[in-house]
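Chains as they are written, first to last, in the numbering used here: chain A, 1 to 447; chain B, 448 to 605.
Shown next, in structure tokens, is the structure this report addresses.
Take a look at the structure:
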């Protein structure tokens, strides 16, 4: 009897100590609010530097809704853990960050703690922003504080229990947050050119490329043993950057810079899905930044002649649901009348993607045979493009593709994609294409 | 043979399965309301309704239509008895050259069939794919808003 009581007392004691320790770790002090937003800086060079960093980091893509005011937040982010809403980062006193001193802004960017001391969810990529220099954070702060304040209260998050308990993020931080500047690179010193170092700082810091391109573990943290190996984001495949997609023509520095700055690579295709806004903002930073990013990414690529990436060309043709058509040659004209995919392609796609289409012969648009989406291991991005198209980018029509979700049935999309894969690429057919089309259509139209 | 049901009438046509629906409507069925604008799905002049959804008929091969019913502007109303949407386009004098109008009307009709009483914001978003080179978008939007209110009123009185 005495023993049991002693045990319970010990257990309770241990639990209390553990809770106190956890609380002490999770508790962050509030930083005193400014009485009024700081006067916008008049230092134009500083503001320009801040604008450049905001574009490197593409803050707007998450912190602005489709028709919303810039930086006013409210965009729903669908995560495996529930829905989070981005917050207002305009200098509004009550609903934005107008009352935040630089110290609070820096703490949020480096440690994921709001001014009042509550912990921010790591959907906000502070594990990357923690790499940024004081100078860059100061410039970004000045830029944000010079935006037009918008009264836009935060939207309540809809996270699943127990993830809706914010102090638990302290545990996440303990496990996954590596605070402070980037550690020295493991790469040989000879490979660490000035441009490479700059690229590393941008890619790992402000640009937070890994937030989408690195697979996540079950806690939603990036898997550090698989950097840039690709991930699924907003229903799109964020392809592997290491190595970059295997495509008939290898990626080059020049192609990558063109892709990142214009959204179009003449040998690979157009940016789409969540990558399109990234390229639109990188179009506005100095080219040197994008050259540096491309240098760092190109340096990750395996040497030419190295073994092909896992999964590449490993699908035996016979083991997949091969299309009725020949996978290697264009069908003779008389056979096209009976191939539903060919007829659909001729009617729906050839106007832009046919060999003689004006859309092909002007403006450096690549053949579907070079397209990353059509050559990819997974049909996901190709299906997304057929279903939803690719929206206009301002007055630039280079990316535009109309949506076909209402024109083509699931079966027809399968037929046309089989035809495209079989006739434009040397790759084996996509396995489970009908299932993938059905699933992605369901995701895209949750009606 | 390709079978098409257009404005409630069945047709059997001996045409290439890859022929865009627009060509079949205009050249074979003499329904010249829908227009050829760009052929690239960029302008919306060719918009018709297929199974309740507005589509670019220039990019929809007839083989893709299957059993889905096709509705064109010829199936809406007549000169003597225009449909509410057509009446509103006339009252608001929405057409300038008129080339885009059949497509505009059909895209709008698809929305109003689904949601009579749709708000101006919904209408503007829904009409985004269709362009008017004369720039009469303001009158087009106001005509659709009027038709939307007319149709909502009818729904309410029933």
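Virtual Cβ for every residue (Gly too), placed ideally from N, Cα, C.
Computed from a prediction, not measured in an experiment: that's the story for all the values here.
Item checked: Interface residues of chain A facing residue 529/B [CB-CB closer than 7 Å] -> Neighbours of residue 529/B on chain A: none; closest Cβ ~26 Å, over 7 Å.
Notebook entry, point to check: What's the C-alpha gap between residue 162/A and residue 33/A?
Noted result: 30 Å
Item checked: Cβ-based neighbour list, residue 126/A, same chain, cut-off 8 Å, excluding 5 preceding and 5 following -> 108, 109, 110, 111, 112, 120, 177
Check: By the criterion of Cβ-Cβ separation under 9 Å, what are the contact partners of residue 621/B in chain A?
Finding: Because chain B here runs from 448 to 605, residue 621/B falls outside it and cannot be looked at.
Checklist line | For residue 128/A, the first and last residue of its enclosing alpha helix (DSSP H) | finding: 126-129
Item checked: For residue 36/A, the nearest candidate out of 62/A, 387/A, 10/A, 100/A (CA to CA) -> 100/A
Notebook entry, point to check: Pick from 94/A, 413/A, 156/A: whose alpha carbon is nearest that of residue 435/A?
Noted result: 413/A
Next item on the list: Could you tell me which chain A residues have their CB closer than 9 Å to the CB of residue 492/B, listed as they occur along the chain?
Entry: The contacting residues do not exist; residue 492/B stays about 13 Å from chain A at best.
Notebook entry, point to check: Among 448/B, 498/B, 550/B, 468/B, which one has its Cα closest to the Cα of residue 491/B?
Noted result: 550/B
Next item on the list: List the residues of chain A that residue 511/B touches, going by C-beta distances under 8 Å, in chain order.
Entry: 344, 347, 348, 407, 408, 409, 412
Margin query: Three Cβ pairs or more, each shorter than 8 Å: is that satisfied between the segment 536-550 of chain B and the segment 586-593 of chain B?
Written below: yes
Note to self: Taking the alpha-carbon of residue 83/A as reference, which of 427/A, 59/A, 156/A has the nearest alpha-carbon?
What the structure shows: 156/A
Margin query: If you reduce the DSSP assignment to three classes, tell me which class residue 172/A lands in.
Written below: helix
Next item on the list: Assuming residue 444/A contacts residue 239/A (C-beta within less than 8 Å), just tell me the rounded distance between them.
Entry: Wrong, their Cβ atoms sit about 19 Å apart, outside the cutoff.
Next item on the list: May I have a chain-ordered list of the alpha helix (DSSP H) segments no shorter than 4 residues that lie completely inside the segment 257-307 of chain A?
Entry: 275-282, 287-299
Next item on the list: List the residues that DSSP assigns as beta-bridge partners of residue 83/A.
Entry: 78/A, 158/A
Margin query: So residue 117/A contacts chain B; which residues on that side make the cut at Cβ distance below 8 Å?
Written below: Under the 8 Å cutoff, chain B gives no residues; its nearest Cβ is about 39 Å from residue 117/A.
Next item on the list: Using the Cα positions of residue 52/A and residue 103/A, report the straight-line distance between them to the nearest angstrom.
Entry: 21 Å
Next item on the list: Taking only beta carbons into account, state which residues of the segment 267-296 of chain A come closer than 9 Å to chain B, listed in chain order.
Entry: none
Item checked: Reduced DSSP category for residue 142/A - H, G, I as helix; E, B as strand; rest coil -> helix
Note to self: On the DSSP letters alone, give me the boundaries of the alpha helix (DSSP H) that residue 434/A sits inside.
What the structure shows: 433-444
Next item on the list: Show which residues of chain A have a CB atom less than 7 Å away from the CB atom of residue 412/B.
Entry: The requested residue 412/B is not part of the displayed model; chain B covers only 448 to 605.
Item checked: Secondary structure, alpha helix (DSSP H): runs of 4+ residues fully inside the segment 537-590 of chain B -> 548-561, 567-573
Next item on the list: State the CB to CB distance for the pair residue 251/A and residue 260/A, rounded to an integer number of angstroms; the pair is presumed to be in contact (CB under 8 Å).
Entry: Not confirmed; about 11 Å, so no contact.
Margin query: Among 483/B, 470/B, 593/B, whose alpha-carbon lies nearest the alpha-carbon of residue 539/B?
Written below: 593/B
Item checked: Whole beta strand (DSSP E) elements within the segment 453-538 of chain B, 3-residue minimum -> 456-460, 494-497, 500-503
Item checked: Opening and closing residue of the alpha helix (DSSP H) in which residue 413/A lies -> 410-424
Notebook entry, point to check: Cβ atoms of residue 501/B and residue 557/B: under 8 Å apart, would you say?
Noted result: yes
Notebook entry, point to check: Which of helix, strand or coil does DSSP assign to residue 97/A?
Noted result: coil
Check: Excluding five sequence neighbours on each side, which residues of the same chain lie with their C-beta closer than 7 Å to the C-beta of residue 4/A?
Finding: none
Notebook entry, point to check: Which of the three DSSP states, helix, strand or coil, is assigned to residue 73/A?
Noted result: coil
Item checked: Closer than 8 Å to chain A by CB, residue 502/B -> yes
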